[in-house]
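Residue numbers (mature numbering (1 follows the signal peptide of the UniProt record, and there is no 0)): -20 to -1, 1 to 259.
Note that the Cβ used here is the ideal one computed from N, Cα and C, for glycine as well.
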């Protein structure tokens, strides 16, 4: 039975040209992140709160393109026109947690590079490719024309604590909250064995098939379009611009920037005139 299944998989892969030397695929993903905003008791006008929340929503709903072959991939945000008056304000919120684009993976070498923008500065994170311990399940469903199977993994993550950023100073000043919170979360992925490459969106990879959907506790990434062996091939090239840092160094810089942002809000009372910048 195992030999038959393997033979069937090889036939499907051969049909799609996946074993061809110049095989390439392109997947479009829609990413949506839910952010629970806590202003920490700050007296911010309701219209201003609505503006902040709307910008955060727009900044955390994005479309990405994953271009991949048998061992490498590049994950880029789809270019879009900025809305008049929106400028970079909303986008800044999407960058708080180290979000970025141009995420390059070389599975054969076990290496990744990602270009991140953090408060207007470009960083190039160059580090060893993280590996999740996936647990394969028997549950399946349909995504488009593909039957996908469920896999889960546990991951330790750090995220910016929005309450700490917007929190007022005062009597409980000595009880400051950390700018980042750390916790273990469950990752749920759905992969397509019919596309037998162990690629996926962003940092995700390592399953016996292309990952078409993946979700953590706040973000869902869903493939909305998949093209195998497109007529026009694209170069899968690692990003090379920005200050090169390891992931650990980048996390340290992020933490320092978040602390600065919190101090700006505390000192300025949320207004431009008091030394703190508006979000």
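In terms of residue numbering, what span does the beta strand (DSSP E) encompassing residue 208 cover?
That run of the beta strand (DSSP E) goes 199 to 208.
Smallest Cα separation from residue 58: which of 91, 9, 15?
Comparing Cα-Cα distances from residue 58 to each of 91, 9, 15, the minimum goes to 9.
Taking buried to mean at least 16 other C-beta atoms within 10 Å of its own C-beta, is residue 98 buried or exposed?
buried
I'd like to know whether the C-beta atoms of residue 180 and residue 167 end up nearer to each other than 8 Å.
no
Taking a contact to mean a Cβ-Cβ separation below 8 Å, would you say residue 93 touches residue 219 in this structure?
yes
Please classify residue 120 as buried or exposed, where buried requires at least 16 neighbouring CB atoms within 10 angstroms.
exposed
Using a Cβ-Cβ cut-off of 8 Å (strictly less than) and excluding sequence neighbours within five positions of residue 189, which residues of its own chain qualify?
Counting only Cβ-Cβ distances below 8 Å, and skipping sequence neighbours, we find 128, 129, 171, 172, 173, 174, 175, 176, 177, 178.
Nearest CA to the CA of residue 102: which residue from 51, 82, 44, 163?
Closest by alpha carbon: 82.
CA-CA distance, residue 78 and residue 234?
Interpretation of residue 78 is limited by its pLDDT of 40, a score under 50 that renders its predicted location unreliable; no figure is taken from the coordinates.
Taking buried to mean at least 16 other C-beta atoms within 10 Å of its own C-beta, is residue 73 buried or exposed?
With a pLDDT of only 42 at residue 73, under 50, the local geometry of the prediction cannot be trusted, and the value read off the model is given with reservation. With 16 or more Cβ atoms within 10 Å of its Cβ, residue 73 is classed as buried.
Check the DSSP bridge columns for residue 54 and list the partner residues they point to.
47, 84
With a cut-off of 8 Å on the beta carbons, I'd call residue 203 and residue 87 a contact; round off their distance for me.
Between residue 87 and residue 203 the Cβ distance is about 18 Å, and since that is not below 8 Å, they are no contact.
Apart from the five residues on each side of it in sequence, which residues of its chain come closer than 6 Å, Cβ to Cβ, to residue 182?
55, 83
Alpha carbon to alpha carbon, how far is residue 105 from residue 221?
Going by the C-alpha atoms only, they are around 10 Å apart.
Applying the 10 Å Cβ sphere with the 16-neighbour rule, what's the burial state of residue 52?
Buried, since its Cβ has 16 or more Cβ neighbours within 10 Å.
Within a Cβ cutoff of 7 Å, which residues of the same chain sit near residue 67, ignoring the five residues on either side of it in sequence?
Legend: pLDDT at residue 67 = 45, less than 50; position of this residue unreliable, no value from coordinates given.
Taking the C-alpha atoms as reference points, what is the distance between residue 132 and residue 214?
31 Å
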